[in-house]
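Peer 1: Residue numbers (my numbering): 33 to 466.
Ideal Cβ positions, reconstructed from N, Cα and C, are used throughout, including at glycine.
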RNA sequence: CGGGCUGUAGUGUAACGGUAGCACGAGUCCUUUGGGAGGAUUUAGUCCCGGUUCAAAUCCGGGCAGCCCGACCA
């Protein structure tokens with residue numbers, strides 16, 4: 033894409049009244065536009081990042097058998113009445129003009145909707161297990177939207193739901209999803225800590241969150257320095273300075289640690305006894321969560337199956353969420369410098385940022401890059417070198433290519449996260465970027 | 001939902017109760033071109049409603065909005 037045609041522009045100054053780094057950098061760069069507090073438009077650059085994140089999530093969800101679908105954003109009252117969640121305050125009630133009472137809510141979660149759908153198709157143990165997910169806008173009536181994209185009233189979420197014939201089967205899948213989540217966050221360039229937590233409005237059981245340590249985070253977690261075992265402060269009995277309670281190899285699992293948790297960290301498998309590492313307190317951003325739902329929703333919608341003996345049972349369920357905007361904002365929070373964002377290659381809006389300086393024409397290189405299938409943003413505008421460099425740094429595209437009278441037939445290549453550049457032939461540059 | 005702070009061109013900011021100014025941006029023209037270039041010229045603003053006053057961006061009341069703290073929360 034040619035930058036001269038990009039309708040958004042970067043701003044030199046931070047937006048007023050915005051302290052969260054992700055909001056400042058993403059708004060300045062023209063990745064997002066704030067329409068209202070906690071409500072954002074994703075502009076072309078930001079939307080490309082979201083698509084990259086969505087694609088990574090899709091690949092990992094599909095890899096564990098997730099079937100993608102798409103459910104309504106308008107959820108009829110009857111669904112939430114079935115579980116007594118109509119009155120939960122996080123929802124926005126909606127009604128048509130002229131109707132007195134709200135008969136719908138803007139979907140803030142979809143357990144009920146999907147469970148009802150599934151109940152029309154599932155009848156035998158042979159139909160289980162399976163999992164389905166969607167990537168969709170969720171609406172939550174946040175009393176206080178804050179921290180840029182981190183807590184919004186409207187946000188893109190991937191929600192996966194799984195359906196099982198037994199608790200055992202569910203638990204196996206739960207671990208599978210946890211692994212998929214680890215891959216997703218790693219691929220997005222995030223170091224997420226698997227954290228034991230509470231379940232809020234979704235379940236009375238313990239759940240797990242994926243937390244990325246960051247000052248701006250609104251959660252507090254206790255993390256073991258050694259094995260990375262972590263608990264959310266909301267439910268934890270730990271304190272900073274405590275010794276890690278995890279029993280390694282799971283042979284001495286304490287009551288506080290749910291089954292399966294002892295394999296949270298590969299490091300934990302190398303030792304035969306208690307971990308004993310020091311516990312640290314950290315602020316963290318919750319980028320994903322996984323919930324056991326038990327039979328709460330299947331009971332509400334009479335979702336049953338018959339086993340081998342013809343006996344009826346309720347389906348055991350789990351739900352698993354990732355906030356896409358929150359992932360994007362978290363990447364910005366943990367990957368930046370004074371000049372701007374440093375996108376990991378996996379989620380960057382473009383792979384290369386080509387700048388032409390001093391009236392040089394970069395169009396032939398631009399075409400070659402495009403022909404080679406490399407996503408490139410070409411800054412073909414008539415601006416000073418300093419301005420182009422500064423904007424390029426702010427946008428944070430991983431590879432910067434410069435053509436100018438100085439570079440002759442070659443092209444100067446620099447990575448966003450490195451200081452030095454080198455001038456190479458165009459062929460060489462294409463090879464580097466492949 | 002409680003508390004605090006703040007609302008002035010597109011953005012960031014100034015103005016004692018008395019002429020709304022500056023910078024950046026944007027438009028046009030010329031000159032420039034390796035770390036946010038220079039000149040000329042144009043553009044555009046006091047959140048809303050009410051009150052006090054000869055006079056309100058400024059003081060008062062009420063809304064609305066934004067940010068931050070708390071409560072709440074995927």
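1) Comparing alpha-carbon positions, which option in 263, 67, 132, 333 lies nearest residue 152?
2) Bridge partners of residue 446, per DSSP?
3) Measure the C-alpha to C-alpha separation of residue 201 and residue 148 and round it to an integer number of angstroms.
4) State the DSSP-derived secondary structure class of residue 407, mapped to helix, strand or coil.
5) Which of the three DSSP states, helix, strand or coil, is assigned to residue 51?
6) So for residue 257, helix, strand or coil by DSSP?
7) Looking only at its chain, what residues have a beta carbon closer than 7 Å to the beta carbon of residue 286, apart from the 5 residues adjacent to it on each side?
8) Report all residues from its chain with a CB closer than 8 Å to the CB of residue 290; omit the five preceding and five following residues, and keep chain order.
9) Taking C-beta to C-beta, are residue 255 and residue 362 nearer than 8 Å?
10) Apply the 10 Å Cβ neighbour rule to residue 101 and answer buried if 16 or more other Cβ atoms are within range, or exposed otherwise.
11) What first and last residue would you give for the alpha helix (DSSP H) that runs through residue 382?
12) So is residue 403 buried or exposed if we call it buried at 16+ other beta carbons inside 10 Å?
13) Residue 104 and residue 206: beta carbons closer than 8 Å?
14) What distance in whole Å lies between the Cβ atoms of residue 379 and residue 81, which are believed to be in contact at a cut-off of 8 Å?
15) May I have a chain-ordered list of the alpha helix (DSSP H) segments no shorter than 4 residues that lie completely inside the segment 38-89?
16) Which partner residues does residue 170 have in the DSSP bridge list?
17) Assuming residue 351 is part of the beta strand (DSSP E), what are its boundary residues?
18) Of all the options 428, 427, 420, 426, which has the alpha carbon lying nearest to the alpha carbon of residue 434?
19) What residue from 431, 455, 449 has the CA that sits closest to residue 441's CA?
20) Closer than 7 Å to a non-hydrogen atom of the ligand GTP - does that hold for the CB of residue 352?
Peer 2: According to the structure data:
1) The residue given as residue 152 occupies position 120 in the first chain. Comparing Cα-Cα distances from residue 152 to each of 263, 67, 132, 333, the minimum goes to 333.
2) Translated into positions along the first chain, residue 446 becomes position 414. Answer is 432, 453.
3) Against the first chain, residue 201 aligns to sequence position 169. Against the first chain, residue 148 aligns to sequence position 116. Between residue 201 and residue 148, the C-alpha separation is close to 21 Å.
4) Reading the first chain from its first residue, position 375 is the one you call residue 407. DSSP places residue 407 in coil when its eight states are reduced to three.
5) By 1-based counting over the first chain, the position of residue 51 is 19. Reduced to three states, the DSSP call for residue 51 is coil.
6) As a working note, residue 257 is residue 225 in the first chain. The answer is coil: DSSP assigns residue 257 none of H, G, I, E or B.
7) Looking up residue 286 in the first chain gives position 254. Legend: pLDDT at residue 286 = 40, less than 50; position of this residue unreliable, value from coordinates given subsequently. For residue 286, where only same-chain residues beyond five positions count, the Cβ hits under 7 Å are 277, 279.
8) Here the question's residue 290 lines up with position 258 in the first chain. Reliability fails at residue 290, whose pLDDT of 44 lies under 50, so the model's placement of it is uncertain and no value is given.
9) Working through the first chain from its first residue, we reach residue 255 at position 223. Working through the first chain from its first residue, we reach residue 362 at position 330. No, the pair does not count as a contact, with Cβ atoms beyond the cut-off.
10) Within the first chain, residue 101 is the residue found at index 69, counting from 1. Exposed, because fewer than 16 other Cβ atoms sit within 10 Å of the Cβ of residue 101.
11) For the purposes of this step, residue 382 is taken as the residue at position 350 of the first chain. Premise fails: residue 382 is in no alpha helix (DSSP H) and is neither H nor E.
12) Taking the first chain and counting its residues from 1, the one referred to as residue 403 is at position 371. It counts as exposed.
13) Here residue 104 is taken as the residue at index 72 of the first chain, counted from 1. Here residue 206 is taken as the residue at index 174 of the first chain, counted from 1. Against a cut-off of 8 Å, the Cβ pair of residue 206 and residue 104 comes out as no contact.
14) Counting from 1 along the first chain, the entry for residue 81 is found at position 49. Counting from 1 along the first chain, the entry for residue 379 is found at position 347. Sure, about 5 Å apart at Cβ, within 8 Å.
15) 53-60
16) Here residue 170 corresponds to residue number 138 of the first chain, with the count starting at 1. Answer is 187, bridged to residue 170.
17) Reading the first chain from its first residue, position 319 is the one you call residue 351. Where residue 351 is concerned, the enclosing beta strand (DSSP E) stretches over 348-355.
18) Within the first chain, the letter at position 402 stands for residue 434. If we check each option's Cα against that of residue 434, 420 comes out closest.
19) Numbered from 1 along the first chain, position 409 holds the residue referred to as residue 441. Measuring from the Cα of residue 441, the nearest candidate turns out to be 455.
20) Absence of the ligand GTP from the depicted structure is noted, as is the absence of any ligand whatsoever, leaving it without description.
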